[in-house]
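Written below as structure tokens is the structure these notes are about.
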Amino acid sequence: PDVNPGNCWAFRGSQGFAVIRLSSIIRPTAVTLEHIPKALSPQGTIPSAPKDFTVYHLRRKWGLWALASSQGLTFYFHLFPKGDSMGTYQLVELRVLSNWGHPEYTCIYRFRVHGEPA
Numbered sequence: 001p002d003v004n005p006g007n008c009w010a011f012r013g014s015q016g017f018a019v020i021r022l023s024s025i026i027r028p029t030a031v032t033l034e035h036i037p038k039a040l041s042p043q044g045t046i047p048s049a050p051k052d053f054t055v056y057h058l059r060r061k062w063g064l065w066a067l068a069s070s071q072g073l074t075f076y077f078h079l080f081p082k083g084d085s086m087g088t089y090q091l092v093e094l095r096v097l098s099n100w101g102h103p104e105y106t107c108i109y110r111f112r113v114h115g116e117p118a
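The opening residue of the sequence shown carries number 1 in UniProt numbering; numbering runs sequentially from there.
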């Protein structure tokens, strides 16, 4: 995947979700959500970037995050303190609750789940 303007997974509106099957079962430790920076946007703004989102195992919420910047770039979130155990998973759900104001669509450029093999 790349982070060139327009090369994103876009969904209609300011809310949406994706269920992702990981290549193997892992013990998750963090997630990364990525969007292009403002400097790369042809308009100089990125209202289609996610603002508030949650990540779930299909039975358990991992966290709720609000992105404090509309500048774009990469946001990395630790799920648990080192040594804490939350189980092992292969399916995760990313739910975008809002974007930075685009009324028609929201773009996800890259979403990664980090962890240790189970």
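All C-beta atoms in this analysis are idealised placements derived from N, C-alpha and C, irrespective of residue type, glycine included.
None of the values given here were measured: they were computed from a predicted structure.
Per DSSP, residue 118 has no beta bridge partner at all.
Judged by their CB atoms, residue 22 and residue 92 are nearer to each other than the 8 Å cut-off. By the CB criterion at 8 Å, residue 96 and residue 50 fall inside the cutoff. DSSP, reduced to helix, strand and coil, places residue 18 within a strand of the structure shown. Counting C-beta pairs closer than 8 Å gives fewer than three between the region 37-47 and the region 108-116, which falls short of the contact rule. Membership of residue 98 in the beta strand (DSSP E) is indicated by the continuous run 89-99. Closest in C-alpha terms to residue 94, from the list 20, 25 and 24, comes 20. Counting the other CB atoms within 10 Å of its CB gives residue 46 a total of 16 or more, which places it among the buried residues. In the DSSP annotation of this structure, the continuous segment of the beta strand (DSSP E) that includes residue 10 starts and ends at 9-12. In this structure residue 117 is in contact with residue 26, their Cβ atoms being roughly 6 Å apart against a cut-off of 8 Å. In this structure, residue 11 sits away from residue 89, with a CB-CB distance that is not shorter than 8 Å.
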